[in-house]
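To start, the structure itself, in structure tokens.
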Amino acid sequence: VKAMTMYPDATFLDCGANIGMMSTIVAAMGRQVVSVDPLLEHLSYLRKALELLGNQNNARLLNNAVSNETGMLYPYTKTASNKAAIQMYTKEEIKKNNYTPTGPAVNVVTVMDILATIHTPTVIMKVDVESFECRAVSTEVAHGKSGHLIPFIIMEWMKLPAMPEYADCVD
Numbered sequence: 317v318k319a320m321t322m323y324p325d326a327t328f329l330d331c332g333a334n335i336g337m338m339s340t341i342v343a344a345m346g347r348q349v350v351s352v353d354p355l356l357e358h359l360s361y362l363r364k365a366l367e368l369l370g371n372q373n374n375a376r377l378l379n380n381a382v383s384n385e386t387g388m389l390y391p392y393t394k395t396a397s398n399k400a401a402i403q404m405y406t407k408e409e410i411k412k413n414n415y416t417p418t419g420p421a422v423n424v425v426t427v428m429d430i431l432a433t434i435h436t437p438t439v440i441m442k443v444d445v446e447s448f449e450c451r452a453v454s455t456e457v458a459h460g461k462s463g464h465l466i467p468f469i470i471m472e473w474m475k476l477p478a479m480p481e482y483a484d485c486v487d
């Protein structure tokens, strides 16, 4: 919220929006929001919250996973009741691990693809995409290749040390 007040022209990009706690708050500030989540259930809760608050025109909701390359991913969690812990897997990974997907496959978009649709010069990002954070925030994104000023990137770091790209991500 503080970052959004510091940059009054910024759009808030919420990658891994879940049920949209941060998106709802920023939209209530009268600011533009782009919320991305692979689960329609999460986006339906977010849409309803925005409608109840009268802020639905401040937000654009995208039903996608986010990573560094496009494709299709399947959601899976060991505990079906904890949809906040969904992780995304390729069809091959689902088969190899003998998982039953928790929902339908979704298209993967890159942050650069999303940024290409945002017309404000400044973007504040929140990235919580269950271990794909370093993939989502690619070198292109981090180095400003989109042409946007991205002064703040808020990321979840808990699961990242186990990922192969972690060393490059924090370097």
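Residue numbering for the sequence shown follows our numbering, beginning at 317 and increasing consecutively. Quick reminder that beta carbons are idealized off the backbone N, C-alpha and C, glycines included.
- What is the residue span of the beta strand (DSSP E) that ILE440 lies within? 439 to 443
- Considering only the beta carbon of each residue, do ALA375 and ALA343 sit closer than 8 Å? yes
- Task: Count the C-beta pairs between the stretch 317 to 331 and the stretch 346 to 360 that are closer than 8 Å, then say yes if the count reaches three, no if not.
- Result: yes
- Task: Measure how close the beta-carbons of LYS490 and TYR392 come, nearest whole angstrom, since I'm counting them as under 8 Å.
- Result: One cannot answer for residue 490 here, as it falls past the ends of the chain, which runs 317 to 487.
- Task: Report the residue ranges of all alpha helix (DSSP H) runs contained in full by the stretch 333 to 363; include only those spanning at least 4 residues, in chain order.
- Result: 337 to 344
- Whole-number beta carbon distance between ASP353 and GLY332, since they are thought to touch under 8 Å: Beta-carbon to beta-carbon, GLY332 and ASP353 are separated by about 6 Å, close enough to satisfy the 8 Å threshold.
- DSSP state of VAL453, grouped into three classes? coil
- Query: Got a sec, what are the start and stop residues for the beta strand (DSSP E) ALA396 sits in?
  - Reply: It is not in any beta strand (DSSP E) - ALA396 carries neither H nor E in the DSSP assignment.
- Task: Within the same chain, show all residues whose beta-carbon is closer than 6 Å to that of ARG451, passing over the 5 residues directly before and after it, in chain order.
- Result: SER383 and ASN384
- Query: According to DSSP, which residues form a beta bridge with TYR405?
  - Reply: TYR390
- Message: If I follow the unbroken alpha helix (DSSP H) through VAL427, where does it start and stop?
- Response: It spans 427 to 431 - the alpha helix (DSSP H) in which VAL427 sits, taken as one unbroken run.
- Query: Are ILE402 and LEU355 close, meaning C-beta to C-beta below 8 Å?
  - Reply: yes
- Task: Give the DSSP-derived three-state secondary structure of THR327 in the structure shown.
- Result: strand
- Message: So for ALA375, helix, strand or coil by DSSP?
- Response: strand
- Just tell me which of LYS412, LEU378, SER360 and ASN334 has its CA closest to the CA of THR426. LEU378
- Message: Distance check for SER339 and TYR415, CA to CA, integer angstroms please.
- Response: 31 Å
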